[in-house]
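Here's the structure we're looking at; comments come further down.
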């Protein structure tokens, strides 16, 4: 009588003795977009990975509707391939494609059509792939290598792969994290089409706007426990946050521009070229200021930050810190000049995942110390201080940093730079992939830092975040700064207009 | 209480290996009581010493996520240069300095090719392995090089206070390796670069410098091993040190160093050396066929690494 496809009941799962899921349930229906929400580590992804056969559950049962009889049968999905064959597919947060193989080979990997003589039937493979690509509106030759595709295109290939299995449930885990606004819109349209065809879409995201725009029902998890499933139209953002974190968030706007000291220019960039053919740009950063950089994908924000931090050599232009010209030819120079950098790619560039929390927090600080010998006592004081100050939740500072949640990992990266006492902290997408509670903590921390005399350059792709946090916003477009707005005058429309190239042609 | 528990878990692997070594010792002694004789023990230590010395360097190289295939050829080259210099100048000091200079040079070249030239360490050291071996035959014409200075010979064969000189050198090198990896800033950098090179760069570490220094350390330690091997043999041979790098890599891997970088311990490597040496020595002592010895060594590598990866899960 209900139009469910999958029912999961009493599912529990523990990793190394720590409970990730504690007897949770979920019911997924045909033709619905079902959002899963919760802080990082709440168990959303884990539950879906169990459903699709990536992890094995410890206990509980899973029922799948038999398409012929309409009856529910208990199933054991042991491998992702079994899951896919049962119509349960997942488009992963970190895409799972073989870069050196082409699109068609990736879609049909493990199921390649063969001729009678046992060789691959390449024509048939390409033909089939072409059909699958049409469904996701990807107009690319199926023989193109994955490495030549953009992030959004790769995601389409993943979706095509899922659909090629006659998907009944497709799980999207943070699908828009690496997409531009436009690409996201295309993805949403594909999702809506799938829904119209009766496919159940599970949508895992931290982005509230998307969840409200797309989903029919929302299920919330907290600390591995099932909280509730609600109709999206019956709840507000506030209700959801309360369900996710268990209490209300004091989300006062973070504007503190009264602290900004405009007399004191901390950093000044003069005529810096971001791309070989872009206009030279100049800007100033004041004492105690949070300067936000907004732009669409490809606007050159990250490239600019790389130049400031000495990762890429400066093409043209000069950099002044406290009115003194600084050579920025290496990261070491940048650090010596008082810069710190919290990179966008936390796991790839911010942390050394296999090392301990302690070592990660100290790895930059060591370079500042006079002696090459490790003074364990002094070092422990430093880490202890920051663990307390940033309230990093950990078991033991010798624990590997990869065991921490995204928010706590980000705090470790921040602690690493605070230990260096930099004047300027560059934070590139500081809250990407971080849950709501930790996000608020990071905003508060940023404000606290600027009040204690530091200046922050923040890069973000979320308009709401830029508006909430920054004292002043610079908008970039194709390597150029196309607009400057203060926190008071900032509106979404204005910022977006600038990000498309300015007020005139926006 | 809590602290000792943690300690135990962290050094469990080494303890387990030490246990295996002890069991092996018991087995060999039962099969041949000669095994536990003073002479044989001293022999095991001397056999293990030069592998251990170079394996300390190899462990550092593997921790930064690279490899050095040129160790065997460098053993040969540094030994030959030492022998030549000793032959022509009759000076122990000059011979040692010359041999170590070769080690520094080769390490520098490997390191620069790898760090600045962005070649994989595998390729850079494969090239220097081939070049050095070729040069060794060209320069010697395939003949061995002998010297007259007795003191030079003592590096590999002499005793100091009743302890073999190679063993004393080994102990110094082990202490150097352990201190470097656990007590110094440079040691942290080595693990960091191996764990995530890009993140290390973004943390302000001069990644290239770290790599080059590690290769130089490797070069110096290998040339010391080369001096010991050459002076034990009594002459410089263009064929010396063949497959020596594999012994070092085996010891490191059996000792728990991860081939993907970022992980490994000097102590583990040393226990690995001990295990392999005791195994080889005992097998020879009980008269086992050398070809079967190789088969058994291969099995040990697989078993120890399998045990390692399984226990991590």
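Protein chains in written order, with the working numbering: chain A, 540 to 1045; chain B, 90 to 402.
For every residue, glycine included, the Cβ atom is placed at its ideal position computed from N, Cα and C.
- When the Cα atoms are used, residue 716 (chain A) and residue 971 (chain A) turn out to be separated by approximately 8 angstroms.
- Of all C-beta pairs linking the stretch 272–280 of chain B to the stretch 294–314 of chain B, three or more are shorter than 8 angstroms, placing the two stretches in contact.
- Restricting attention to B:378, B:341, B:335, B:101, the CA atom closest to the CA of residue 164 (chain B) is found in B:335.
- Ranking A:576, A:887, A:629 by CA distance to the CA of residue 751 (chain A) puts A:576 first.
- The stretch 838–850 of chain A makes no contact with the stretch 917–935 of chain A; the number of CB pairs closer than 8 angstroms stays below 3.
- Annotation for residue 158 (chain B): no beta strand (DSSP E) segment contains it, and DSSP assigns it neither H nor E.
- Nearest in C-alpha terms to residue 361 (chain B), of all of B:381, B:244, B:142, B:192, is B:142.
- Boundaries of the alpha helix (DSSP H) harbouring residue 241 (chain B): 239–246, taken from the DSSP string.
- Residues 872 of the same chain have their beta carbon placed closer than 7 angstroms to that of residue 866 (chain A), with the five preceding and five following residues left out of the count.
- The C-alpha of residue 325 (chain B) lies about 11 angstroms from the C-alpha of residue 226 (chain B).
- No Cβ of chain A is located within less than 9 angstroms of the beta carbon of residue 102 (chain B).
- Setting aside the 5 residues that flank it on each side, residue 954 (chain A) is surrounded in the same chain by 900, 925, 929, each with a C-beta closer than 6 angstroms to its C-beta; the list follows chain order.
- Note on geometry: alpha-carbon atoms of residue 393 (chain B) and residue 343 (chain B) lie some 6 angstroms from one another.
- Contact with chain B is found for residue 898 (chain A), since one of that chain's Cβ atoms lies less than 9 angstroms from the residue's Cβ.
- The C-beta of residue 123 (chain B) has fewer than 16 other C-beta atoms within 10 Å across all chains shown, which makes the residue exposed.
- Using a Cβ distance threshold of 9 angstroms, residue 1015 (chain A) and residue 832 (chain A) count as a contacting pair.
- Here residue 169 (chain B) is not near residue 107 (chain B), since their CB atoms are 9 angstroms or more apart.
- The alpha-carbon of residue 629 (chain A) is positioned some 8 angstroms away from that of residue 712 (chain A).
- At least one CB atom of chain B sits nearer than 9 angstroms to the CB of residue 882 (chain A).
- Against chain B, the CB of residue 868 (chain A) has no partner CB under 9 angstroms away; the residue lies outside that interface.
- Unbroken beta strand (DSSP E) runs of no fewer than 3 residues, entirely contained in the stretch 760–832 of chain A, are found at 764–770, 800–811, 820–826, following chain order.
- When 7 angstroms is used as the limit between beta carbons, residue 997 (chain A) is near no residue of chain B, the shortest such separation being about 17 angstroms.
- According to the DSSP secondary-structure assignment, residue 912 (chain A) is paired through a beta bridge with B:273.
- For the stretch 908–928 of chain A, residues whose beta-carbon sits nearer than 9 angstroms to a beta-carbon of chain B comprise 908, 910, 911, 912, 913, 915.
- Residue-level contact by beta carbon holds for residue 874 (chain A) and chain B, with a gap shorter than 9 angstroms.
- In the three-state DSSP reduction, residue 1009 (chain A) falls in the coil class, being neither helix nor strand.
- A direct Cα-to-Cα measurement between residue 316 (chain B) and residue 188 (chain B) gives close to 7 angstroms.
- Under DSSP, the beta-bridge partners assigned to residue 967 (chain A) are A:998.
- Under a 10 Å Cβ-count criterion, residue 1038 (chain A) is classified as buried, with 16 or more other Cβ atoms of the shown protein chains found around its own Cβ.
- Contact between residue 664 (chain A) and residue 643 (chain A) holds: their C-beta atoms lie close to 5 angstroms from each other, under 8 angstroms.
- Contact residues of the stretch 289–316 of chain B toward chain A are 289, 290, 291, 292, 293, 294, 295 (C-beta to C-beta distance below 9 angstroms).
- Proximity to residue 574 (chain A) across A:742, A:581, A:731, A:564 peaks at A:742, based on C-alpha coordinates.
- Just measuring C-alpha positions, the residue of A:952, A:1006, A:945 sitting nearest residue 1035 (chain A) is A:1006.
- DSSP places residue 289 (chain B) in the helix class (H, G or I) of the three-state scheme.
- Nearest to residue 908 (chain A) by alpha-carbon distance, out of B:274, B:370, B:321, is B:274.
- Of all residues in the stretch 271–288 of chain B, only 272, 273, 274, 275, 277, 280, 281, 284, 285, 287, 288 come within less than 7 angstroms of chain A when Cβ atoms are compared, listed by chain position.
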